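Visitor: According to this note's numbering, the sequence shown is numbered sequentially starting from 17.
Don't be surprised by glycine CBs; every beta carbon is placed ideally from N, CA and C.
These numbers come from a predicted model, not from an experiment.
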Amino acid sequence: MWLKPEEVLLKNALKLWVLERSNQYFVLQRRRGYGEEGGGGLAGLLVGTLDAVLDSTSKVAPFRILHQTPDSQVYWSIACGTSREEITEHWDWLEHNVMKTLSVFDSNEDITSFVQGKIRGLIAEEGKGSFVKEEDPEKFREGLMKFEKCFGLPEQEKLVTYYSCSYWRGRVPCQGWLYLSTNFLSFYSFLLGAEIKLIISWDEISKLEKTSNVILTESIHVCSRGEDHYFSMFLHINETFLLMEQLASYAVRRLFDKETFENDLVLHDPLQITKRGLESRAHSEQFSAFFRLPKEETLKEVHECFLWIPFSHFNAHGKMCISENYICFASQDGSLCSVIIPLREVVGVDKADPANRGVSISTKGKTAFRFTEVRDFEQLVAKLRIKCGAASSPQHIINTEVAAFSDSDTPKDFDEGHSKMGQRDNSKTVSTEALMTVYHPQDAENLDSKMLKEKMKEQSWNILFVERGHGVSMFRTKKTRDLVVRGIPETLRGELWLLFSGAVNDMASNPGYYTELVEKSLGTCTLATDEIERDLRRSLPEHPAFQSDTGISALRRVLTAYAYRNPQIGYCQAMNILTSVLLLYAKEEEAFWLLVVVCERMLPDYFNRRIIGALVDQAVFEELIRVHLPQLTDHMSDMTFFSSVSLSWFLTLFISVLPIESAVNVVDCFFYDGIKAILQLGLTVLDYNIEKLLTCKDDAEAVTVLNRFFDSVTNKDSPLPPTVQQGSNLSNTKSDHPKVDITDLIRESNERYGDIRYEDVESMRCRNRLYVIQTLEATTKQNVLRVVSQDVKFSPNDLEELYELFKKEHFLSCYWNVNSPVLRHHDASLPYLDQYRIDCQQFRVLCNLLSPWSHCANRDSLALWTFRLMDENSDCLINFKQFACVLDIMYNGSFTEKLKLLFKLHIPPAFTEVESLSPSKGDDLSKEELIHFSQLSVASAADSLESDALKSSPGKGKGKVDIQAYLKQWQDELIKKEENIKDLPRMNQSQFIQFSKTLYNLFHGDPEEELLYRAIAVVTSLLLKMEEVGRRLQSPMSPVKSPAAVMELPAEVSNKGQKESSSEQAEGSRAQTSSEDHGWSFAFEQILASLLNEPAFVRFFEKPHKIKAKIESAKMLQLKARSRV
């Protein structure tokens, strides 16, 4: 690697370096101790230790080239190398391209200047196509070289960054370097001869957290495959941990959670990941989640400043955050005050009070926000004016602040706005009123005590609006939360849900989008729409709004439109219950956007096939229970009880367990505080019932206690009529549980657990996501092993190790390939066996590592034929069961089973003529050739039957799946008889020739090699004579060619051991011609009977092979094998 020229003093360096070559202008040196026996003694060990600790690759590379000029004591380092070949290549280049030129210069200064310029030019040329985009490219380049030298990973592996730290082995810290790359966490240390090299795949990490104890003040704990690793003494531990979290999350989503990853275009290409990009992404995610903004928003600038709070008459200190479409402010403690200003609402940006560096922002709602002590405020004003000019485009002209209208004017003005946008009148298909206003209109004349309280709530909110603003740009303070805790008034609920959730921004940015979706989705027939139709009548069936066609139709439209918008989620149970409640208080389009926000931002990954998001939040809930209710965790022997009982709490936001009039208050808090509100309420529910739960003897009793408690929760201030209230419909007979008001319950949850911070919840979500996904993977593995273990003779430990190698090979193909076909076929919703599959190239790598026949000269062809044999459905992928079963035959099969496997490999559909396009490579096949041959279809006797079976397969039709046909197919597979050797097709002469070659290759290197060669020559001759006699008996009048030509190959191979590839192919073609002329063929029984007469054959195939040694070797070599590929 060429280096930026730096001065080197040789006075003390001679103790560390040994001279290898020199000339008038250059010196090539080798690091002392490198390449010497015993490491170069004590001096070599000390040098190695320095190399591991110092942060300069130019000092630790084992070879370097220095530039010198005659009569000068100053040397310049210009190149270094990790191997003698690399440094020799640089040396030769200098001699051929630079040395001749230097003689023309008159002064040493000119020579040095020329060499330095040449080297810098080479570095710049190398950097043109480089993906290194760091703040200090030279230093990063050196770190990259050290990373490549230490770990030998494929060159496609992208190093993101590296840090100096200590790795703890027991109680002993080892100083070294931690390297973070796209797929691996790596650590290297070399201290006084003791080398530590650690490579951990991000996808194997089940725990990643910051910890501290007496010995380690602050460290990062990594758990992988049950092993704990601790790293400490970081200069910037928070920065390091943030990057590790990002990389682990990226790997997990890419490899395990394809559904969410496919929508993530930012990190879709591993080669584009940089440290700066990851940090920026993490801050943008925190920003958009905190302020409930669309995911697409990217944090552009952050300014520390003060915001004038007019109603409190003081300046709040905090941060102004600016993205493409929003200006946001949050006070230092987060809960004191926050503001969101969409640029579409801004009408003016001005300098205010230059002495205090002030910026004034005016909005359409006639509110002015004054920020002071803003650094570079003049530049900021200029930028914001440009942004606001761009934001005033036609699609943003509509005033989306709900606050700008009175309640009576809103529907009218909104419809007028849409007609201006050129939208058709869709009042017949899309409802423009919340169902609650239709089915429970408020009677303004007859006000009972509950309605009076409701009016007082409305008055409190109106006062708040006057003080703090009304609409998306309102000041959100502690008083706002207090009013939410008391319960939002019925008339304002839909509007404030839209506001606090951020759905108002999505709706404003996409006018007419929902109407368009409804038109496109209505009439579609998919699995999701079938499930929606089935669940429509189960959504709040006791409410009159969903006993009529009006409510049911609105619910159908919203759910179908969302399934059409997001087919990866489609429809999931619990979405119907949530959407029903949204439709009660929000207009149909508003309910749709609220559903979008819940499914895609506030409850990420909840509503997919594996409900990973809900499982993650349950794990967070369990963690909080351990912290806040330790007596409960001590009493419960199994924490999974909390997961099972709380799943519906999270999926339906308590709607499924609380009466509707109480549940809506929980939804109020959820839209304001997010998942934190649900966690706090869950802890409070357990705390309320802790004494009873501690006396429970089993889970069933505990569930009964909690159900009775939920039945006792009421909302005494609810204005809903008694016919709708679920709590009032319950029988009031002798309930031993006192009534609990939902407002008191929510207020208590805020008082007791309000100190749980949003940032902590997000951190716990990140941490537990790794654990949850690894737990799901462990479940998949156990199910696969349970199924496969019934069909193989491997020990449970060996089978588990094989599964890990198989899965690792699946992942290795995805690490460096953006559009990996294997990754495209990975689907966590498939049956366990089919979740991980490998292609022919991956199978070849595993075969070469694990097969007892991997020493065979034509091993690539054997791997290809074996793969084709297992790929029964011709999709060019095989699962673990197929892989394990074929390995089981090779290791544990009887003589007959092994011979039958070899026989089947040399007949269709497995067998195909293989000829490498590069004769110099002999029997080795390139990846492209292997994939090409694996996809060839070879006609066989069973092809027509197989094609008929495929046509009649129950899953192939475009209509609905025929369950009965699947059950019949499953039953046929269960009663399938063991394959009879008489059913095997006959082997023609071309195939028999190749079969003989394979046997010769297998015997090569065996102690009885000569005996086996003679035996196969005898057997081959015998089989050919038998076939010739049989042919003469069948048609005595036809002339039959002597078998001498056919026997030519075995005789020659028995004398010379093995033939050249070209002569083998020539013999194969001659045998093929003979076969076509005379129809020579051999049955498996003939071959088996002939070989059984040769004891050497039987001994060879019945020789036991231990797979454990192969597995251990494969674990060491798998990554290196991938590097070579």
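So which of Phe1098, Val861, Leu194 has the shortest CA-CA distance to Lys920?
Guide: Closest option to Lys920, Cα to Cα, is Phe1098.
Visitor: Compute the Euclidean distance between the alpha carbons of Gln1134 and Glu312, then round it to the nearest angstrom.
Guide: Approximately 39 Å, taken between the alpha carbons.
Visitor: Give a yes or no on contact between the stretch 874-884 and the stretch 782-796, applying the rule of three or more CB pairs nearer than 8 Å.
Guide: Not touching, per the Cβ criterion.
Visitor: Given this structure, state the Cα-to-Cα distance separating Asn229 from Lys494, to the nearest angstrom.
Guide: Answer to the nearest angstrom: the Cα atoms are 36 Å apart.
Visitor: Closest to Glu1043 by C-alpha separation, out of Ile1103, His1020, Gly1021, Phe1011, would be which residue?
Guide: The option with the nearest alpha carbon to Glu1043 is Ile1103.
Visitor: From the DSSP output, in three-state form, read off Val355 for me.
Guide: Strand, per DSSP.
Visitor: Would you report the Cα separation of Leu648 and Arg642, rounded to the nearest angstrom?
Guide: Computed Cα separation, rounded: 8 Å.
Visitor: By how many angstroms is the C-alpha of Cys404 removed from the C-alpha of Met490?
Guide: Answer to the nearest angstrom: the Cα atoms are 19 Å apart.
Visitor: Per DSSP, what are the beta-bridge partners of Met17 in this structure?
Guide: BP columns for Met17 are empty, so no partner.
Visitor: Per DSSP, what are the beta-bridge partners of Ile691 in this structure?
Guide: Answer is none; Ile691 lacks a bridge partner.
Visitor: With distance defined between alpha-carbon atoms, name the residue in Pro925, Val861, Tyr1029 nearest to Asn889.
Guide: Nearest of Pro925, Val861, Tyr1029 to Asn889, Cα basis: Pro925.
Visitor: How about Pro735 and Met467: are their beta carbons less than 9 Å apart?
Guide: Contact: yes.
Visitor: Can you tell me which of the three DSSP states Gln45 falls into?
Guide: Gln45 falls in the strand class under three-state DSSP.
Visitor: Is the CB-CB distance between Arg773 and Ala305 below 9 Å?
Guide: Not a contact, by the Cβ cut-off of 9 Å.
Visitor: From Arg768 to Asp760, what distance separates their C-alpha atoms?
Guide: Rounded to whole angstroms, Arg768 to Asp760 spans 12 Å at the Cα level.
Visitor: Does DSSP put Cys337 in a helix, a strand or coil?
Guide: Strand, per DSSP.
Visitor: In angstroms, rounded to a whole number, what distance separates the CA positions of Arg47 and Val34?
Guide: Rounded to the nearest angstrom, the two C-alpha atoms are 6 Å apart.
Visitor: If I measure Cβ to Cβ from Tyr819 and keep anything under 7 Å in the same chain, skipping five residues before and after, which residues do I get?
Guide: Same-chain partners within the cutoff: Lys797, Val800, Leu801, Phe896.
Visitor: Give me whichever residues DSSP pairs with Thr227 in a beta bridge.
Guide: DSSP, once it has assigned bridges, lists Ser235 as partnering Thr227.
Visitor: For Pro847 and Gln898, what's the separation of their Cα atoms in angstroms?
Guide: Near 15 Å, if we compare the C-alpha coordinates of Gln898 and Pro847.
Visitor: Helix, strand or coil for Lys213 per DSSP?
Guide: Strand, per DSSP.
Visitor: Pro1148 to Ala77, Cα distance in whole Å?
Guide: Because the chain here runs from 17 to 1141, residue 1148 falls outside it and cannot be looked at.
Visitor: Going by beta carbon distance, what residues of the same chain come within less than 7 Å of Cys337, once the five residues before and after it are set aside?
Guide: Closer than 7 Å at the Cβ level, and outside the excluded window around Cys337, lie Phe303, Leu315, Val318, Cys344.
Visitor: Taking C-alpha atoms, which residue in Phe203, Trp513, Leu1028, Gly364 lies nearest to Arg308?
Guide: Among Phe203, Trp513, Leu1028, Gly364, the Cα nearest to that of Arg308 is on Trp513.
Visitor: Between which two residues does the alpha helix (DSSP H) holding Val719 run?
Guide: Run containing Val719: 715-728, per the alpha helix (DSSP H) assignment.
Visitor: So, Phe256 versus Tyr204, is the Cβ gap smaller than 9 Å?
Guide: At residue 256 the sequence reads Thr, which differs from the Phe that was named. For Thr256 and Tyr204, no; Cβs fall outside 9 Å.
Visitor: Return yes when the Cβ of Tyr246 is within less than 9 Å of the Cβ of Ile212, no when it is not.
Guide: No, the Cβ-Cβ distance between Ile212 and Tyr246 is not below 9 Å.
Visitor: Check whether the stretch 498-505 and the stretch 525-545 touch, using three or more Cβ-Cβ pairs below 8 Å as the test.
Guide: Flag = no, the stretch 498-505 and the stretch 525-545 do not touch.
Visitor: Run through DSSP, which three-state label would His319 get?
Guide: Correct three-state label for His319: strand.
Visitor: So, helix, strand or coil for Gln806, using DSSP?
Guide: In the structure shown, Gln806 sits in coil (DSSP, three-state: anything other than H, G, I, E or B).
Visitor: Does DSSP classify Pro189 as helix, strand or coil?
Guide: Looking at Pro189 - three-state DSSP - the assignment turns out to be strand.
Visitor: Do Val667 and Tyr622 have their C-beta atoms closer together than 9 Å?
Guide: Going by the sequence as given, residue 667 is Leu instead of Val. The answer is yes: Cβ separation under 9 Å.
Visitor: Looking only at its own chain, which residues have a Cβ that is under 8 Å from the Cβ of Met161, when we skip the five neighbours before and after it?
Guide: Excluding residues within five positions, the ones whose Cβ falls inside 8 Å are Met17, Thr73, Ala77, Cys96, Thr98.
Visitor: Helix, strand or coil for His83, going by three-state DSSP, please let me know.
Guide: Here His83 sits in strand by DSSP.
Visitor: Give me the Cα-Cα distance between Trp869 and Leu1018, rounded to the nearest whole angstrom.
Guide: Spanning the two alpha carbons is a distance of roughly 7 Å.
Visitor: Taking the DSSP output, what are the residues bridged to Ile894?
Guide: DSSP output for Ile894 lists Ile854 as bridge partner(s).
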